[in-house]
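Colleague: I'd like to ask some things about the structure below.
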Amino acid sequence: MANYYTKAAFELTLELEQKIFALQVLECAEDENVDFTKSRKTAQEAAYPNDVYRLAKRFVKSLDDYEPGNVYLPFEYVDTGDSIHIAHDENINTEAAATFCYLILKYFDSDDYVCIEAAHTCSSPRADGFGGHAAFITKKGGKWMSTGHWMHRIIAKHQKAA
């Protein structure tokens with residue numbers, strides 16, 4: 117049986133206070149005592165600054181499988197001092213990671229950007245097991261490119277010309 121992986125690692129570079137805010141958003145999003153489906157905040161939820169809570173709620177609600185008390189972030193993050201390093205050992209959800217970066221860049225009205233390059237690999241030599249994609253994220257949104265999509269366009273052009 118083949119195992120499929122999506123690997124990526126990138127940095128979200130922020131000023132110190134912005135980085136602290138972004139890490140608080142992630143902490144709030146992962147807090148199993150926070151229920152983003154309720155209209156009123158509990159004491160646990162009120163412990164987070166309002167802006168942190170609101171942004172965490174927007175982020176968590178963008179995840180496909182949000183379940184109160186059981187939030188799994190589809191990427192890992194580490195404070196490197198100068199930035200937040202975002203990656204995953206096996207399967208990163210680059211869409212979720214891009215959404216988080218977009219929300220942070222938009223919140224701070226930052227002109228910075230984040231580049232994500234991901235590799236799709238397989239534990240077996242399968243023809244469909246390899247490829248990749250890239251994303252360019254700004255406060256205005258993201259642009260995506262898949263190597264598979266690019267390849268299919270080039271093949272179609274070649275076949276049309278032949």
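Number 251 in the working numbering belongs to position 135 of the sequence shown; there are no gaps in the numbering.
We put the beta carbon where it would ideally sit given N, CA and C, even for glycine.
I need the straight-line Cα distance from Ala138 to Gly264, nearest angstrom please.
Modeller: Going by the C-alpha atoms only, they are around 33 Å apart.
Colleague: Check each candidate in Tyr229, Lys222, Ser239, His236 and name the one with the smallest Cα separation from Leu128.
Modeller: Residue Tyr229 is the option with its Cα nearest to Leu128.
Colleague: What are the residues that DSSP puts in a beta bridge with Leu142?
Modeller: In DSSP, Leu142 forms no bridge with anything.
Colleague: Please list, in chain order, all residues of the same chain as Gly185 whose beta carbon is under 6 Å from its beta carbon, the five residues on each side excluded.
Modeller: Within the same chain, Gly185 has close Cβ partners Glu148.
Colleague: Using three-state DSSP, classify Lys173 as helix, strand or coil.
Modeller: Looking at Lys173 - three-state DSSP - the assignment turns out to be helix.
Colleague: Can you say whether Lys173 is buried or exposed, counting buried as having 16 or more other CB atoms within 10 angstroms of its CB?
Modeller: That one is buried.
Colleague: Reducing DSSP to helix, strand and coil, say where Ala118 ends up.
Modeller: In this structure, Ala118 counts as coil in the three-state DSSP scheme.
Colleague: Would the stretch 165–181 and the stretch 204–217 be scored as touching if the rule is three or more Cβ pairs under 8 Å?
Modeller: Yes, since at least three Cβ pairs between the stretch 165–181 and the stretch 204–217 fall closer than 8 Å, the two stretches touch.
Colleague: Give the single residue among Ala251, Ile271, Leu221 whose Cα lies nearest to the Cα of Asn209.
Modeller: Among Ala251, Ile271, Leu221, the Cα nearest to that of Asn209 belongs to Ala251.
Colleague: DSSP state of Phe216, grouped into three classes?
Modeller: Correct three-state label for Phe216: helix.
Colleague: Roughly how many angstroms separate the alpha carbons of Gln134 and Asp225, rounded to a whole number?
Modeller: Taking the straight line from one Cα to the other gives about 11 Å.
Colleague: Candidates Ala278, Leu130, Tyr188: which alpha carbon is nearest Asp195's?
Modeller: Ranking Ala278, Leu130, Tyr188 by Cα distance to Asp195 puts Leu130 first.
Colleague: If His249 sits next to Met261, beta carbons under 8 Å apart, how far is it from one beta carbon to the other, in whole angstroms?
Modeller: So it is a contact: roughly 6 Å between Cβ atoms.
Colleague: Using three-state DSSP, classify Lys255 as helix, strand or coil.
Modeller: Coil.
Colleague: DSSP state of Lys280, grouped into three classes?
Modeller: What the structure shows of the chain is the stretch from 117 to 278, and residue 280 is not part of that stretch, so it cannot be assessed.
Colleague: Could you tell me if Arg132 is buried or exposed, where buried requires 16 or more neighbouring beta carbons within 10 angstroms of its beta carbon?
Modeller: Looking at the sequence provided, one finds Leu at residue 132 rather than Arg. Leu132 is exposed by the Cβ-count criterion.
Colleague: What does a CB cutoff of less than 8 Å around Asp205 pick up in its chain, not counting 5 residues either side in sequence?
Modeller: If we look at Asp205 and ignore the five residues flanking it on each side, its Cβ neighbours are Glu192.
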